[in-house]
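Numbering (UniProt numbering), first residue to last: 1 to 262.
Presented below is the structure to which this report refers.
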């Protein structure tokens with residue numbers, strides 16, 4: 001079974017990224033190619049629907065592989081933003097996130113504002129899984145957090161909701177028009193998957209800043225860019241055409257596959 005999972009991951013990652021797998025040496029490098037390459041962007045976007053259906057067919061409701069503590073060979077490698085240079089975030093960090101709240105809004109019956117302590121008092125899940133980055137590296141680590149499904153149940157998701165949108169505290173892009181905070185999305189199928197958690201612990205300790213404190217998303221059947229860090233708000237939506245570039249996430253707006261499954 002393990003051999004099948006690994007080979008399936010390699011196949012689907014190649015299919016998902018297509019040409020980008022050849023030219024990519026890092027997220028920023030790929031981003032610069034796509035900003036000037038509208039033809040490549042259109043090609044990748046056209047493949048997204050086929051990739052998503054193929055991955056859903058192969059993956060079904062299966063779990064991502066889980067490992068043992070003996071398989072943890074190194075600290076979880078940080079990537080992307082590792083120390084948000086934002087006054088709001090710095091203020092929250094200075095007070096050990098005592099003033100931080102996770103807002104849950106949008107298409108829900110009961111909007112929520114949860115402290116980290118409230119999340120930690122909810123039933124938790126610990127899982128040792130492999131993080132696969134689009135840059136080509138992987139790392140096994142132990143994550144602890146609140147199953148996202150429990151938060152969604154508490155908020156009572158409305159029937160018309162289709163996606164969970166994540167809004168973050170880290171600035172991913174600065175321009176003349178203003179700072180762009182990281183954002184991303186998954187559908188409700190992945191949101192309710194048992195391994196999708198809101199992680200506040202890493203390798204038996206509180207989640208470090210470089211890995212996304214106070215809270216990050218773990219969606220274990222998807223590539224790393226689908227797991228936003230520095231989470232501040234969850235929004236239930238029926239579509240994301242009006243959010244960012246309308247493709248469901250920051251990197252997706254710059255040409256990456258929306259599903260990002262492995």
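C-beta: ideal position from N, C-alpha, C; glycine also.
All values reported here derive from a predicted model rather than from experimental measurement.
CA-to-CA distance, residue 207 to residue 117, given in whole angstroms
Along the chain shown, read from residue 1 onward, the residue named residue 117 stands at position 117. Along the chain shown, read from residue 1 onward, the residue named residue 207 stands at position 207. The straight-line gap from Cα to Cα measures roughly 14 Å.
Residue range of the alpha helix (DSSP H) that includes residue 94
Here residue 94 corresponds to residue number 94 of the chain shown, with the count starting at 1. That run of the alpha helix (DSSP H) goes 87-94.
Residues in its own chain within less than 8 Å of residue 74 by CB, not counting five upstream and five downstream?
Translated into positions along the chain shown, residue 74 becomes position 74. The residues are 139.
Would you identify the three-state DSSP class for residue 165, choosing helix, strand or coil?
Mapped onto the chain shown, residue 165 falls at position 165. In the displayed model, residue 165 falls within a strand according to three-state DSSP.
Close-in-space but distant-in-sequence residues of the same chain around residue 11 (CB under 6 Å, 5 per side omitted)
Along the chain shown, read from residue 1 onward, the residue named residue 11 stands at position 11. The predicted model places residue 11 with a pLDDT of 39, which falls under 50 and marks its position as unreliable; any figure quoted below should be read in that light. Once the five neighbours on either side are set aside, residue 11 has no close Cβ partner at all.
Take every Cβ of the stretch 203-223, pair it with every Cβ of the stretch 81-100, and state whether three or more of those distances are shorter than 8 Å.
yes
According to DSSP, simplified to helix, strand and coil, what is residue 230?
Start at 1 with the first residue of the chain shown, and residue 230 comes out as number 230. Residue state, collapsed to three classes: coil.
Give me the Cα-Cα distance between residue 92 and residue 100, rounded to the nearest whole angstrom.
Reading the chain shown from its first residue, position 92 is the one you call residue 92. Reading the chain shown from its first residue, position 100 is the one you call residue 100. Answer to the nearest angstrom: the Cα atoms are 6 Å apart.
Which class does residue 145 belong to by DSSP, given the choice of helix, strand or coil?
Reading the chain shown from its first residue, position 145 is the one you call residue 145. Of the three classes helix, strand and coil, the one that applies to residue 145 here is strand, per DSSP.
Within its chain, find whatever has a CB closer than 6 Å to the CB of residue 147; leave out the 5 residues flanking it on each side and keep chain order.
As a working mapping, residue 147 is identified with position 147 in the chain shown. So the list reads 125 and 197, once near-sequence residues are dropped.
Nearest to residue 119 by alpha carbon, out of 240, 87, 149 and 188?
In the chain shown, the residue the question calls residue 119 occupies position 119. The candidate whose alpha carbon is nearest that of residue 119 is 149.
Take every Cβ of the stretch 219-230, pair it with every Cβ of the stretch 152-165, and state whether three or more of those distances are shorter than 8 Å.
no
List the residues that DSSP assigns as beta-bridge partners of residue 131.
To locate residue 131, count along the chain shown from 1; it is residue 131. Residue 131 is bridged to 139.
Looking only at C-alpha atoms, which of 111, 113 and 129 sits nearest to residue 144?
For this step, residue 144 is matched to residue 144 along the chain shown. For residue 144, the nearest C-alpha among the options comes from 129.
Taking the beta strand (DSSP E) that residue 238 falls in, what are its first and last residues?
Mapped onto the chain shown, residue 238 falls at position 238. Careful: residue 238 lies outside any beta strand (DSSP E) and carries neither H nor E.
Please state if the CB of residue 249 and the CB of residue 178 are separated by a distance shorter than 8 Å.
Stepping through the chain shown from its first residue, residue 178 is reached at position 178. Stepping through the chain shown from its first residue, residue 249 is reached at position 249. No, they are not a contact pair.
May I have the straight-line CA-CA distance separating residue 261 from residue 223, to the nearest angstrom?
Taking the first residue of the chain shown as 1, we reach residue 261 at position 261. Taking the first residue of the chain shown as 1, we reach residue 223 at position 223. Taking the straight line joining both Cα atoms gives about 6 Å.
Suppose the cutoff is 7 Å on Cβ atoms and the five residues either side in sequence are ignored; what does the same chain contact list for residue 226 look like?
Stepping through the chain shown from its first residue, residue 226 is reached at position 226. 184, 186, 219 and 260.
From the DSSP output, which residues share a beta bridge with residue 103?
For the purposes of this step, residue 103 is identified with residue 103 of the chain shown, where counting begins at 1. Its beta-bridge partners are 113 and 233.
Evaluate residue 121 with the Cβ neighbour count: other Cβ atoms within 10 Å of its Cβ, from every protein chain shown; 16 or more gives buried, anything less gives exposed.
For this step, residue 121 is matched to residue 121 along the chain shown. Looking at its Cβ environment, which holds fewer than 16 other Cβ atoms inside 10 Å, residue 121 is exposed.
Looking only at C-alpha atoms, which of 132, 106, 141 and 195 sits nearest to residue 70?
Locating residue 70 in the chain shown gives position 70, counting from the first residue. Of the candidates 132, 106, 141 and 195, 141 places its Cα closest to the Cα of residue 70.
Rounded to whole angstroms, what's the CA-CA distance from residue 132 to residue 108? Just pull it up for me.
Sequence index remark: in the chain shown, residue 132 carries index 132 (1-based). Sequence index remark: in the chain shown, residue 108 carries index 108 (1-based). When rounded, the distance between both Cα atoms is 32 Å.
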